[in-house]
Amino acid sequence: MSDQTQLRTEDPSVEVERVVEQLMPNDLNDLCDATDAAIEGGGGFGWVELPSREILEKYWRGVITAPTRTLFVARLDGVICGTTQLMLPPSNNEAQGHVVHLTTNFVAPWARGYHLAKMLLEEVEKHCLKEGYAVINLDVRETMERAIEVYEGMGYEQFGSHPYSVRSKGETIKSRYYYKVINPKFFE
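Counting in my numbering, the final residue of the sequence shown is number 761, and the numbers go up one at a time with none missing.
As structure tokens, then:
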């Protein structure tokens with residue numbers, strides 16, 4: 574276990590929240606900084622190279638205003654250091670309207686060890702239950718061992734893999750696909 578992923582003993586302020594309006598400039602800056610750190614750390618949710626700050630800001634502003642996305646952020650001592658998004662089912666897909674997809678789940682390397690990834694997932698699951706969803710799907714690169722530990726530790730079940738899912742720096746990386754039933758009564 575690296576220093577970054579060891580449980581910290583200090584008692585910082587940690588919190589997770591759903592973003593419901595545009596971020597203040599300092600929060601948007603923190604979110605972009607955390608994204609840069611995650612990309613540099615190998616978990617850039619699609620980006621391999623750092624995009625410009627302008628591209629990152631446009632991306633995050635778009636996520637916040639997209640009606641089919643819900644953004645959650647983690648804060649360490651008031652600084653945004655991680656995020657996850659829900660991709661909601663399209664309104665015309667009644668057959669799969671109970672399923673959401675979790676994406677862009679990361680905590681910046683400098684903020685790891687405070688259980689923020691778990692806190693993000695717990696907050697997302699509570700929100701999904703409240704909104705009437707029953708299942709959360711996600712995918713993760715097989716190289717993201719700590720994330721896999723967190724997902725599996727919280728009851729996410731692997732149902733498949735994709736051997737050609739990701740290309741990064743000349744390598745092909747397999748992805749794993751997971752789901753979690755958060756409302757079993759939906760299926761009764």
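Glycine residues also receive a C-beta, built at the ideal position from the N, C-alpha and C atoms.
Quiz item: Which of the three DSSP states, helix, strand or coil, is assigned to residue 585?
Solution: coil
Self-check item: Ranges of the alpha helix (DSSP H) found wholly within the segment 686-748, counting only runs of at least 4
Solution: 689-704, 718-726
Practice problem: Using beta-carbon positions only, say whether residue 644 and residue 652 come within less than 8 Å of one another. | Solution: no
Self-check item: Paired residues, beta bridge with residue 679 - DSSP
Solution: 656
Exercise. Please work out which residues of its chain come closer than 6 Å, Cβ to Cβ, to residue 749, disregarding the five sequence neighbours upstream and downstream, and give them in chain order.
Key: 713, 715, 731, 734
Quiz prompt | Pick from 605, 709, 672 that is closest to residue 727, judged by C-alpha positions | solution = 709
Practice problem: Report the rounded CA-to-CA distance for residue 690 versus residue 697, giving the unit in angstroms. | Solution: 11 Å
Quiz prompt | Reduced DSSP category for residue 580 - H, G, I as helix; E, B as strand; rest coil | solution = Model confidence at residue 580 stands at a pLDDT of 45, short of 50, so the residue's coordinates are unreliable and nothing is read from them.
Practice problem: Within the segment 592-650, note down every full beta strand (DSSP E) run reaching 3 residues or more, in order along the chain. | Solution: 642-649
Quiz item: Which residue or residues does DSSP assign as beta-bridge partners of residue 753?
Solution: 709
Quiz item: With burial defined as no fewer than 16 other Cβ atoms inside 10 Å of the residue's Cβ, what is the status of residue 580: buried or exposed?
Solution: Unreliable placement is indicated for residue 580, whose pLDDT of 45 sits below 50; no coordinate value is reported for it.
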